[in-house]
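The structure appears right after this line, and notes come after that.
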Amino acid sequence: MGRKGSPRSPQAEGGSRAASPPSSPPLSPLWALPEELLLLICSYLDVQALGRLGQVCRRLRFLSSRDLLWRRIARGCLNSGFTQLGTDLAAGIPVKERVKVSRNWRHGRCRRETVLKWKRNLMPWMELDGEYLYLSQAENIQAYQLCPDGTGLQRHPQAIFSGHQEDVCRFVLVNSHIVSGGGDGNIVLHKIHGSYSVKFSAHEQEVNCVDFQGGLIVSGSRDRTAKVWSLAAGRVGQCLHTVQTEDRVWSIAISPLLSGQLLTCLGTDFHRGAGVLDVFYETPSLLLSCGYDTYIRYWDIRTSTRKCVREWEEPHDSALYCIRSDGNHMIASGSSYYGVVRLWDKRQTRCLQVRAGQRPGSSRASRLFSGSQVPVSLREKRQRLWDESTTGNLTFKPDLLQPVKPVGISGSTSSLKG
């Protein structure tokens, strides 16, 4: 018999505890709120706070990854796939992932790789379209397929487009067609997914620039003329209009307005020889220009045609041969020495990042960036690819940003004509 009031054995006490049901932790009052209110609360958080919130639990990670929360942040980032008007050009990619890669653009974190080499010194032009990179090499245009894992290009071209007797000076891709101008004065049109091609003599000297839209081709040449050509049935290769200029025409494009009228001349009192080498339109009223005078200029024809809105100077006094924009805050320019591509933030006065070759006086960069990659053609017998998506553990589609069609005619005179 045990004494009255003696303590119970540990085994008996443990069995009693096991018999009682475990108490569930009380639910947080946060989860009692409707999802719309939770999203409203999270919309006040910045990038770091949203990232930390996603580390708390799976439910908050799912909530904090919603595109709705990251859209406002992404519109202020570089090359995030949003235009100034808020149009989403990459709807299939989560906005949070685009913000991650945008930080790589800003801080210069990338993987550098030489993807193509050739035996001769060439100065090619290129277009990045979908899963293919189109690259001019001497008198041919070659199409290289991008590797699905984002590691570069396949070594052998998938297609070769020929027809010129001399080097291809410039070409454009529009609606599954390639239109090219060459040093032989000819214009050649190829259908990418077919055997259809057209070739006709366009100018007495080399064709420096071309554009194609709506059954019309425009071209500019060293012979100081810009011409409009028809592609209508029965009138293929017929010259519809000739514009006489004071000097060779370096850059030309069809206006998105398709008015067919002279809109305006941009700028006055430029130095002699300050020729414009490339123009790029973000919208029908906003455009970028660059050229021999080493300046990038940002024009808004709604406010003034005499003076640009902003301008940025190439710090090493190099001529700028090509320029592109993501349609929002980011600009990429290609200069003539060291194969330099510079990345600019419109909200800043100085260059943001520099991508350069290794040999002095070697090249100029050609067609510029698209998505998370910056392909650069160099005259030093190689082509390099800078992939900004590597440090973000992402694989981006190369057609993240499809450039808006530029407009205007530019030559080695000091004005832009639309």
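Residue numbers 1 to 418, in the UniProt record's numbering, belong to the letters of the sequence shown in order.
Backbone N, C-alpha and C fix where the C-beta goes; we use that ideal spot for every residue, glycine too.
Just so you know, these numbers come straight off a predicted model, no measurement behind them.
| Do Gly-215 and Ala-226 come within 8 Å of each other at the CB atom, strictly closer than that value? | In this structure, the beta-carbon distance from Ala-226 to Gly-215 does not fall below 8 Å.
| Which residue comes first and which comes last in the beta strand (DSSP E) that contains Ala-143? | In the DSSP assignment, Ala-143 falls within the unbroken beta strand (DSSP E) covering 140–145.
| field | Distance between Pro-34 and Glu-313 (C-alpha atoms, nearest Å) | value | In a straight line, the C-alpha of Glu-313 is about 52 Å away from that of Pro-34.
| query | So the beta strand (DSSP E) Ser-64 belongs to, where does it begin and stop? | reply | Note, Ser-64: premise wrong, no beta strand (DSSP E); alpha helix (DSSP H) at 58–64.
| Any contact of the stretch 280–289 with the stretch 247–256, i.e. 3+ C-beta pairs under 8 Å? | Cβ pair count under 8 Å is three or more, so yes.
| query | Is Ala-32 helix, strand or coil when you go by DSSP? | reply | Three-state result, Ala-32: helix.
| task | Measure the CB-CB distance between Trp-125 and Ile-187 and report whether it falls below 8 Å. | result | Their beta carbons are not under 8 Å apart, which means Trp-125 does not touch Ile-187 by this criterion.
| Residue burial classification, Glu-206 (beta-carbon count within 10 angstroms, cutoff 16) | So Glu-206 ends up on the buried side.
| Would you call the stretch 172–184 and the stretch 129–136 in contact, with 3 or more CB pairs under 8 Å? | With the cut-off at 8 Å, the stretch 172–184 and the stretch 129–136 touch.
| task | Could you tell me the distance, in whole angstroms, from the CA atom of Leu-60 to the CA atom of Arg-66? | result | In this model, Leu-60 and Arg-66 are separated by some 10 Å (Cα to Cα).
| message | Assuming His-107 is part of the beta strand (DSSP E), what are its boundary residues? | response | Element bounds for His-107: not the beta strand (DSSP E) but the alpha helix (DSSP H), 95–107.
| said: For the structure I just gave you, are there three or more beta carbon pairs, one from the stretch 80–94 and one from the stretch 50–60, closer than 8 Å? | reply: In short, these stretches do not touch, since the Cβ pair count stays below three.
| request: Could you tell me if Asp-293 is buried or exposed, where buried requires 16 or more neighbouring beta carbons within 10 angstroms of its beta carbon? | output: Asp-293 is buried by the Cβ-count criterion.
| Quick one: any contact between the stretch 335–353 and the stretch 87–100, if contact means 3 or more CB pairs under 8 Å? | Segments in contact, no.
| Measuring CB to CB, does Arg-71 end up less than 8 Å from Val-47? | The answer is no: Cβ separation not under 8 Å.
| Local conformation of residue 419 per DSSP, three classes | Look at the range of the chain in this structure, 1 to 418, and you will see that residue 419 is not part of it.
| field | Cα-Cα separation, Gly-92 to Asp-269 | value | Their Cα atoms are separated by approximately 46 Å.
| For Leu-68 and Arg-202, the rounded distance between their alpha carbons | For the record, residue 202 in the displayed sequence is Ala; it is not Arg. Taking the CA atoms as reference points, Ala-202 sits about 51 Å from Leu-68.
| Using the rule of at least 16 other Cβ atoms within 10 Å of the residue's Cβ for burial, across every protein chain shown, is Glu-204 buried or exposed? | Glu-204 counts as exposed, since fewer than 16 other beta carbons sit within 10 angstroms of its beta carbon.
| query | Looking at C-alpha atoms only, which residue of Glu-311, Leu-286 and Gly-182 is the closest neighbour of Ser-221? | reply | In terms of Cα proximity to Ser-221, the closest of Glu-311, Leu-286 and Gly-182 is Gly-182.
| So, Leu-343 versus Leu-277, is the Cβ gap smaller than 8 Å? | No; because the gap between Cβ atoms is not below 8 Å, this pair is not in contact.
| message | Using the three-state DSSP reduction, which class does Trp-344 fall into: helix, strand or coil? | response | Here Trp-344 carries a strand assignment [DSSP, helix/strand/coil].
| Which residues does DSSP pair with Gln-48 in a beta bridge? | Partner(s): none; Gln-48 has no beta bridge.
| query | Skipping 5 residues on each side, what residues in its chain have a beta carbon closer than 7 Å to that of His-329? | reply | Here the set comprises Leu-78, Asp-345, Lys-346 and Arg-347.
| query | Secondary structure at Ile-192, three-state DSSP: helix, strand or coil? | reply | Residue state, collapsed to three classes: coil.
| Got a sec, what are the start and stop residues for the beta strand (DSSP E) Arg-297 sits in? | First-last of the beta strand (DSSP E) with Arg-297: 295–300.
| query | Roughly how many angstroms lie between the CA atoms of Arg-235 and Val-198, to the nearest whole one? | reply | C-alpha separation (whole angstroms): 12 Å.
| request: Out of Ser-333, Asn-208 and Gly-185, point me to the one whose CA is closest to Phe-200's CA. | output: When only C-alpha atoms are compared, the closest one is Gly-185.
| message | Excluding the 5 residues flanking Pro-406 on each side, which residues of the same chain have their C-beta closer than 6 Å to its C-beta? | response | Because Pro-406 sits at a pLDDT of 33, beneath the cut-off of 50, its placement in the model cannot be relied upon, and the following sentence gives the value as read from the coordinates. Within the same chain, Pro-406 has close Cβ partners Ala-253, Val-279, Phe-280 and Tyr-281.
| At which residues does the alpha helix (DSSP H) containing Leu-69 begin and terminate? | In this chain, the alpha helix (DSSP H) harbouring Leu-69 covers 67–74.
| request: For Gly-334, count neighbouring Cβ atoms within 10 angstroms of its own Cβ and tell me buried if that reaches 16, exposed if not. | output: Taking every protein chain shown into account, the CB of Gly-334 has 16 or more other CB atoms within 10 angstroms, so this residue is buried.
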